[in-house]
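Each step along the sequence shown adds one to the number in numbering that gives the first Met the number 0, with nothing skipped, and position 158 is 157.
Don't be surprised by glycine CBs; every beta carbon is placed ideally from N, CA and C.
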Amino acid sequence: MLANSAIRVMVIGCLIKEAVMQTIKWSEDMTLGVKDMDEAHKVFFEDLSALLTMPDDQFPTAFMGLIGKVEKDFREEEDLMEEIDYPGLLGHREQHSRVLGALHHVAPHVLNGDIALGREAAELLPQWFLFHLSTMDTALAFALDTQGAEINPATIRLAAERIRQGMDRTT
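Following this line, the structure appears as structure tokens:
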């Protein structure tokens with residue numbers, strides 16, 4: 000009986016991992032209509048996809064590079080929120096801080112050769128990102144729209160719906 004339970008847990012784990020890996024590919028359905036954010040998100044997915052298939056000897060450098068790019072993107076997004084006096088800034092910044100904190104916690108282990116831990120952390124990012132995109136970034140895109148930024152509100156609503164549908168399929 001215990002062996003069957005362990006096998007079930009392993010199978011479920013593999014299915015979850017497969018579902019997360021399927022979400023790693025960028026899709027135009029993820030665009031919010033904010034050019035700079037959409038481009039940063041697309042590059043993030045491309046970099047993350049490359050990282051996960053990177054040979055072990057190149058992984059630490061690529062992992063640190065991804066952290067640097069994420070820090071830059073988050074900083075730019077937070078600067079934008081400050082510029083428009085965005086009321087959701089603190090909560091949004093908190094989500095950014097948690098992800099960066101986790102990545103910075105894993106980084107020394109990766110640099111000391113624990114590539115498996117780095118890959119595990121990287122494999123969690125797509126699911127977090129889809130949640131963040133469909134909640135925090137979508138709300139920010141709406142706020143930018145009310146500030147008169149050149150974005151298409153219909154694109155934002157459509158993207159949010161498609162992202163939510165995609166999350167339903169992977170959970």
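Mapping DSSP to helix, strand and coil, what is residue i?
| i | result |
| --- | --- |
| glutamate 149 | Bear in mind that a pLDDT of 48 at glutamate 149, under 50, signals an unreliable position, so the model cannot answer this. |
| serine 26 | coil |
| glutamine 57 | coil |
| cysteine 13 | In this prediction, cysteine 13 has a pLDDT of 48, which is less than 50 and means its spatial position is unreliable; nothing more can be read from the coordinates. |
| aspartate 84 | coil |
| aspartate 78 | helix |
| valine 33 | coil |
Can you check which of these residues, the options, is closest to residue i by C-alpha distance?
| i | options | result |
| --- | --- | --- |
| phenylalanine 58 | Glu76, Ala138, Asp37, Val105 | Val105 |
| valine 69 | Leu99, Leu50, Thr60, Glu81 | Leu99 |
| glutamate 93 | Phe141, Leu110, Arg74, Val109 | Arg74 |
Between the beta-carbon of residue i and the beta-carbon of residue j, is there less than 9 Å?
| i | j | result |
| --- | --- | --- |
| glutamate 122 | histidine 95 | no |
| histidine 40 | threonine 30 | yes |
| glycine 67 | leucine 139 | no |
| valine 33 | leucine 143 | yes |
| leucine 65 | leucine 102 | yes |
Evaluate residue i with the Cβ neighbour count: other Cβ atoms within 10 Å of its Cβ, from every protein chain shown; 16 or more gives buried, anything less gives exposed.
| i | result |
| --- | --- |
| leucine 124 | buried |
| aspartate 55 | exposed |
| glycine 112 | exposed |
| alanine 49 | exposed |
| leucine 47 | buried |
| alanine 115 | exposed |
Who are the Cβ neighbours of residue i in its own chain at under 6 Å, not counting the five residues just before and after it?
| i | result |
| --- | --- |
| alanine 120 | Val105 |
| alanine 61 | Leu50, Met53 |
Leaving aside the five residues before and after residue i along the sequence, list all residues of the same chain whose C-beta is less than 7 Å from its C-beta, in chain order.
| i | result |
| --- | --- |
| aspartate 37 | Thr30, Leu31 |
Starting from the C-beta of residue i, find all residues in its chain whose C-beta is less than 8 Å away, skip the five residues before and the five after it, and write them out in chain order.
| i | result |
| --- | --- |
| lysine 24 | Phe44, Ser48 |
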